[in-house]
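Student: Got a structure for you, written out below as structure tokens; questions coming shortly.
There are 2 protein chains.
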Amino acid sequence: MKRLLLGFLLACLAVSARGQNAEPLASWNEGAAKAAIVSFVKAVSDKKSKNYVPAAERIAVFDNDGTLWSEQPLYFQFVFMLDQVKAAAPKHPEWKDNPAFQALAKQDHEALAKLGHKPVLELMGQANSGMTVGEYDKTIRDWLASARHPKFKRPYTNLVFKPMQELLAYLRANGFKTFIVSGGSVEFMRPWVEKAYGIPPEQVVGSQQEVKFEMRDGKPVLLRGPNFVFMDDGPGKPVGIYRQIGRRPIAAFGNSDGDLQMLQVTAAGEGRRLMLIVHHDDAEREYAYDRQSHVGKLDKAWDEAKAKNWIVVSMKSDWKKIFSFERTGK
Amino acid sequence: MKRLLLGFLLACLAVSARGQNAEPLASWNEGAAKAAIVSFVKAVSDKKSKNYVPAAERIAVFDNDGTLWSEQPLYFQFVFMLDQVKAAAPKHPEWKDNPAFQALAKQDHEALAKLGHKPVLELMGQANSGMTVGEYDKTIRDWLASARHPKFKRPYTNLVFKPMQELLAYLRANGFKTFIVSGGSVEFMRPWVEKAYGIPPEQVVGSQQEVKFEMRDGKPVLLRGPNFVFMDDGPGKPVGIYRQIGRRPIAAFGNSDGDLQMLQVTAAGEGRRLMLIVHHDDAEREYAYDRQSHVGKLDKAWDEAKAKNWIVVSMKSDWKKIFSFERTGK
Chain D
1 MKRLLLGFLL ACLAVSARGQ NAEPLASWNE GAAKAAIVSF VKAVSDKKSK
51 NYVPAAERIA VFDNDGTLWS EQPLYFQFVF MLDQVKAAAP KHPEWKDNPA
101 FQALAKQDHE ALAKLGHKPV LELMGQANSG MTVGEYDKTI RDWLASARHP
151 KFKRPYTNLV FKPMQELLAY LRANGFKTFI VSGGSVEFMR PWVEKAYGIP
201 PEQVVGSQQE VKFEMRDGKP VLLRGPNFVF MDDGPGKPVG IYRQIGRRPI
251 AAFGNSDGDL QMLQVTAAGE GRRLMLIVHH DDAEREYAYD RQSHVGKLDK
301 AWDEAKAKNW IVVSMKSDWK KIFSFERTGK
Chain P
1001 MKRLLLGFLL ACLAVSARGQ NAEPLASWNE GAAKAAIVSF VKAVSDKKSK
1051 NYVPAAERIA VFDNDGTLWS EQPLYFQFVF MLDQVKAAAP KHPEWKDNPA
1101 FQALAKQDHE ALAKLGHKPV LELMGQANSG MTVGEYDKTI RDWLASARHP
1151 KFKRPYTNLV FKPMQELLAY LRANGFKTFI VSGGSVEFMR PWVEKAYGIP
1201 PEQVVGSQQE VKFEMRDGKP VLLRGPNFVF MDDGPGKPVG IYRQIGRRPI
1251 AAFGNSDGDL QMLQVTAAGE GRRLMLIVHH DDAEREYAYD RQSHVGKLDK
1301 AWDEAKAKNW IVVSMKSDWK KIFSFERTGK
């Protein structure tokens, strides 16, 4: 009887906790975007709906840079790399002819953004080659703890979008499994995304650098090599999803042309789907950029979103708050 | 009040379901192996224990071939390949000089086993290069549905070890997240492991073949290329774990030297750990092999298990039943 009583109390708690989540997307203004999200989630999670999807197949994938947190004036991982590459430069005289190194050294954001992820990630790969994965993890954590964003004067990990945090939580509360699928390196995300988004390391898909097993003084270590073995960007994203998740998502969230193929693959499945693009149109609270931007360019994916009726979220009008630290909402 | 009543009823159900799981490792004989498993699980999942590990970090990794299902007289994926390679042979005259092809054509199990996973997987990679991942998935499902094991005259997917199924369920009931980490290809496991082991596709780590995104008649497809880009065997296993899981397991289960590095990496973490090796010593109910075997050779890992007090499970004496279909238990 004691156990039954305990069960009863737990059940009461569960009911009251449910009550607190009555408004799951509190930072979203009422409008087409919010309505489309709620309608989709209800349709796929209601057993009586003709669009019902079993919980195990409710896979949702999220780009990170520009979709879950900011990416201006430069991908935050690139900012991290500045210090890494500077520190390693004396050991790499051959870098002086490397365009990515020159751009980093001059802090030429435009040139860096034009070069894209690949050459810059490769340079970083060389910079920290030979480190154990543990040493590298510590380097990232130390940087995240001390670095501050130039515009917001806050740790970069503060620049996560509150409405997207709520969306992640709302999807999970409805049986979804949420994944990050990002062009950035897995190592740069794993130390903080669990706390920021509730996404555990094993649900982070990203670019991958060479790693090698070795016994060192009788202890097994993983050493970082200089080369990238996988670039999880653009057409790489569906490949990363295939390799690591192994089933087609039913919902995909992005903000730039690098997410187009991930959105296309999601859209191509049978049954009801949700494709959503975050549009950065709020220069006051965050940044405003799209077709002409060197970072997070939104051009082809925007056209396709319009043609296919994917949801385009206006950060300015759809979001009451962008960041948790904002004093007032709209 | 209606909701509270419903909660109460659900709570009652939960309590009674719990009661049914009173003996979670029913096919395990009482003995050192079972006791060690139970003691470990209690220690890491009891909040009051000094060895307590938060649920999110309770990562358990399982080799597949020889650990969760049989692997004799030849890795089942190799058997599948026979048909694949035979069908593709006319298009590949260059194969006649390939040792792996010769061994497959002659059904020379010993030669195949000696060659190991790599050259045989490469041959298969060429055999089904150009298929979409959907076509390949169907090929595997069709084969699994029709093929029969030469000794047991049953579908290969019947040859999963009942005590290991129970162990997987027991770990999950205690908050563990269970992963497969296998030398086999992810594609060959994903269609059936969810039903057999309760492990979803996104928790399967394995060898990876090239896959490329392409638009075909306006539809996105993933095409298989000829090369393997990752071999998840031996020293590759810790790399696969790092890439896809991103944290160190606290429990690892294997049966052969190909699992040694995975066991070493698991053992090298701080706090309490569980390393377990399944020893095939039951020629009557399954197979008996270890140091001299060409498939699933257990030699170095056995020595290390003895030296480091890892658990070695005797299939003959520790397991009442090996397969669900056995009429009588021991």
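Protein chains in written order, with my numbering: chain D, 1 to 330; chain P, 1001 to 1330.
For every residue, glycine included, the Cβ atom is placed at its ideal position computed from N, Cα and C.
Am I right that A113 of chain D and L168 of chain D are in contact with their C-beta atoms under 8 Å? What's the rounded C-beta distance?
Tutor: As a working note, residue 113 of chain D is residue 113 in the first sequence. As a working note, residue 168 of chain D is residue 168 in the first sequence. Contact doesn't hold; Cβ gap of about 27 Å is too wide.
Student: In chain D, which residues lie less than 7 Å from L1246 of chain P when you measure between Cβ atoms?
Tutor: Locating residue 1246 of chain P in the second sequence gives position 246, where the first residue counts as 1. The question names Leu, but residue 1246 of chain P in the sequence shown is Gly. V186, R190, P201, E202 and V204, listed in chain order.
Student: Cα separation between G1019 of chain P and I140 of chain D?
Tutor: Position 19 of the second sequence, counted from the first residue, corresponds to residue 1019 of chain P. Position 140 of the first sequence, counted from the first residue, corresponds to residue 140 of chain D. Caution applies to G1019 of chain P, whose pLDDT of 43 falls short of 50 and renders its modelled position unreliable; the model cannot decide the point.
Student: Does A1056 of chain P have its Cβ less than 8 Å from a Cβ in chain D?
Tutor: Here residue 1056 of chain P refers to the residue found at position 56 when the second sequence is read from its first residue. Yes, A1056 of chain P lies at the interface with chain D (some Cβ there is under 8 Å from its Cβ).
Student: From the DSSP secondary-structure annotation, give me the bridge partner or partners of W1028 of chain P.
Tutor: In the second sequence, residue 1028 of chain P corresponds to position 28, counting from 1. Per DSSP, P:W1319.
Student: Taking the alpha-carbon positions, what's the K339 of chain D to E1166 of chain P distance?
Tutor: Outside the shown range of chain D (1 to 330) lies residue 339 of chain D, about which nothing can therefore be said.
Student: Out of P:K1308, P:I1037 and P:F1080, which has the shortest C-alpha to C-alpha gap to E1187 of chain P?
Tutor: Counting from one through the second sequence, the residue named residue 1187 of chain P turns up at place 187. Of the candidates P:K1308, P:I1037 and P:F1080, the one whose C-alpha sits nearest the C-alpha of E1187 of chain P is P:F1080.
Student: Just by C-beta distance, which residues in the segment 79-108 of chain D are closer than 7 Å to chain P?
Tutor: From the segment 79-108 of chain D, no residue has a Cβ closer than 7 Å to chain P.
Student: What are the boundary residues of the beta strand (DSSP E) that A1060 of chain P is part of?
Tutor: For the purposes of this step, residue 1060 of chain P is identified with residue 60 of the second sequence, where counting begins at 1. A1060 of chain P -> beta strand (DSSP E) spans I1059 to F1062.
Student: Can you name the residues of chain D whose CB is closer than 8 Å to the CB of K1219 of chain P?
Tutor: Here the question's residue 1219 of chain P lines up with position 219 in the second sequence. Per Cβ cutoff of 8 Å: A268.
Student: Have a look at Q208 of chain D and E122 of chain D and give me their C-alpha separation to the nearest angstrom.
Tutor: Counted from its first residue, the first sequence places residue 208 of chain D at position 208. Counted from its first residue, the first sequence places residue 122 of chain D at position 122. Approximately 11 Å between the Cα atoms of the pair.
Student: Using a C-beta cutoff of 8 Å, does P235 of chain D count as contacting chain P?
Tutor: Looking up residue 235 of chain D in the first sequence gives position 235. With 8 Å as the cut-off, P235 of chain D counts as an interface residue toward chain P.
Student: I'd like to know whether the C-beta atoms of V27 of chain D and P163 of chain D end up nearer to each other than 8 Å.
Tutor: Sequence index remark: in the first sequence, residue 27 of chain D carries index 27 (1-based). Sequence index remark: in the first sequence, residue 163 of chain D carries index 163 (1-based). In the sequence as displayed, the identity of residue 27 of chain D is Ser instead of Val. Yes, the pair counts as a contact, with Cβ atoms nearer than the cut-off.
Student: In chain D, what lies closer than 7 Å to F1213 of chain P by C-beta?
Tutor: Position 213 of the second sequence holds residue 1213 of chain P. Going along chain D in sequence order, the residues near F1213 of chain P (Cβ under 7 Å) are P235, P238, V239 and Q261.
Student: In this structure, does DSSP put K219 of chain D in helix, strand or coil?
Tutor: Position 219 of the first sequence, counted from the first residue, corresponds to residue 219 of chain D. Residue state, collapsed to three classes: strand.
Student: Please check if any C-beta of chain D sits within less than 8 Å of the C-beta of E1304 of chain P.
Tutor: Here residue 1304 of chain P refers to the residue found at position 304 of the second sequence. With 8 Å as the cut-off, E1304 of chain P does not count as an interface residue toward chain D.
Student: Is it right to say R1248 of chain P is buried, meaning 16 or more other beta carbons lie within 10 angstroms of its own, or is it exposed?
Tutor: As a working note, residue 1248 of chain P is residue 248 in the second sequence. Its Cβ being crowded by 16 or more others within 10 Å, R1248 of chain P is buried.
Student: Can a CB atom of chain D be found closer than 8 Å to the CB of R1141 of chain P?
Tutor: The residue given as residue 1141 of chain P occupies position 141 in the second sequence. R1141 of chain P does not count as touching chain D.
Student: To the nearest angstrom, how far is it from the Cα of H1117 of chain P to the Cα of N1098 of chain P?
Tutor: By one-based count along the second sequence, residue 1117 of chain P stands at place 117. By one-based count along the second sequence, residue 1098 of chain P stands at place 98. Cα-Cα distance, rounded: 15 Å.
Student: With a cut-off of 8 Å, does the C-beta of L1331 of chain P fall near any C-beta of chain D?
Tutor: For chain P, the structure presents residues 1001 to 1330; residue 1331 of chain P sits outside this window and is missing.
Student: Between the Cα of A1087 of chain P and those of P:R1190, P:S1146, P:N1029 and P:Q1126, spot the shortest distance and give me the residue it belongs to.
Tutor: Residue mapping note: residue 1087 of chain P aligns to position 87 of the second sequence, counting from 1. Nearest C-alpha to A1087 of chain P: P:Q1126.
Student: Flag V1265 of chain P as yes if its beta-carbon sits less than 8 Å from any beta-carbon of chain D, otherwise no.
Tutor: Translated into positions along the second sequence, residue 1265 of chain P becomes position 265. Judged by the 8 Å Cβ criterion, V1265 of chain P is in contact with chain D.
Student: Out of D:I180, D:P150 and D:D282, which one is the CA nearest neighbour of F76 of chain D?
Tutor: In the first sequence, counting from the first residue as 1, residue 76 of chain D sits at position 76. If we check each option's Cα against that of F76 of chain D, D:P150 comes out closest.
Student: What residue range is occupied by the uninterrupted alpha helix (DSSP H) comprising I1140 of chain P?
Tutor: Indexing the second sequence from 1 puts residue 1140 of chain P at position 140. I1140 of chain P -> alpha helix (DSSP H) spans V1133 to S1146.
Student: Using 8 Å as the threshold, is the C-beta distance between A1307 of chain P and G1254 of chain P below it?
Tutor: Against the second sequence, residue 1307 of chain P aligns to sequence position 307. Against the second sequence, residue 1254 of chain P aligns to sequence position 254. No, the pair does not count as a contact, with Cβ atoms beyond the cut-off.
Student: Mind checking W309 of chain D: buried by the 16 CB within 10 Å criterion, or exposed?
Tutor: The sequence position of residue 309 of chain D within the first sequence is 309, counting from 1. It should be pointed out that residue 309 of chain D corresponds to Asn in this sequence rather than to Trp. Exposed, since its Cβ has fewer than 16 Cβ neighbours within 10 Å.
Student: At least one CB of chain P closer than 8 Å to the CB of Q208 of chain D: is that the case?
Tutor: Your numbering for residue 208 of chain D matches position 208 in the first sequence. True, the Cβ-Cβ gap to chain P drops below 8 Å.
Student: Using the Cβ count rule (16 or more neighbours within 10 Å means buried), how would you classify A1017 of chain P?
Tutor: Your numbering for residue 1017 of chain P matches position 17 in the second sequence. Confidence at A1017 of chain P is low in this model, with a pLDDT of 46, below 50, so the placement of that residue should be treated as unreliable; the coordinate-derived value is given next. A1017 of chain P is exposed by the Cβ-count criterion.
Student: For Y52 of chain D, does the count of other Cβ atoms within 10 angstroms reach 16, so buried, or fall short, so exposed?
Tutor: As a first step, residue 52 of chain D must be located in the first sequence, where it is residue number 52. It is exposed - the Cβ of Y52 of chain D has fewer than 16 other Cβ atoms within 10 Å.
Student: According to DSSP, simplified to helix, strand and coil, what is I199 of chain D?
Tutor: The count along the first sequence starts at 1 and reaches residue 199 of chain D at position 199. Three-state result, I199 of chain D: coil.
Student: Enumerate, from N- to C-terminal direction, the unbroken beta strand (DSSP E) stretches of 3 or more residues contained entirely within the segment 1031-1097 of chain P.
Tutor: The qualifying runs are 1059-1062.
Student: Taking the alpha helix (DSSP H) that V239 of chain D belongs to, which residues open and close that run?
Tutor: For this step, residue 239 of chain D is matched to residue 239 along the first sequence. Per DSSP, V239 of chain D belongs to the alpha helix (DSSP H) from G236 to Q244.
Student: Find the residues of chain D that neighbour Y1242 of chain P, judging by a C-beta separation of less than 8 Å, and give them in chain order.
Tutor: Here residue 1242 of chain P is taken as the residue at index 242 of the second sequence, counted from 1. The contacting residues are V133, V211 and L222.
Student: Once DSSP output is grouped into helix, strand and coil, what is the label at M231 of chain D?
Tutor: What you label residue 231 of chain D is simply residue 231 of the first sequence in a count that begins at 1. M231 of chain D: coil per DSSP, three-state reduction.
Student: If contacts are defined as beta-carbon pairs under 8 Å, then W1143 of chain P and D1083 of chain P qualify, I think. What distance do you get, rounded to the angstrom?
Tutor: Taking the first residue of the second sequence as 1, we reach residue 1143 of chain P at position 143. Taking the first residue of the second sequence as 1, we reach residue 1083 of chain P at position 83. At roughly 7 Å, the Cβ-Cβ gap stays under 8 Å, so W1143 of chain P and D1083 of chain P are in contact.
Student: Across the segment 1179-1194 of chain P and the segment 1221-1236 of chain P, are there enough close Cβ pairs to call them in contact, namely three or more that are closer than 8 Å?
Tutor: Contact between the segment 1179-1194 of chain P and the segment 1221-1236 of chain P is present, because at least three Cβ pairs lie under 8 Å.
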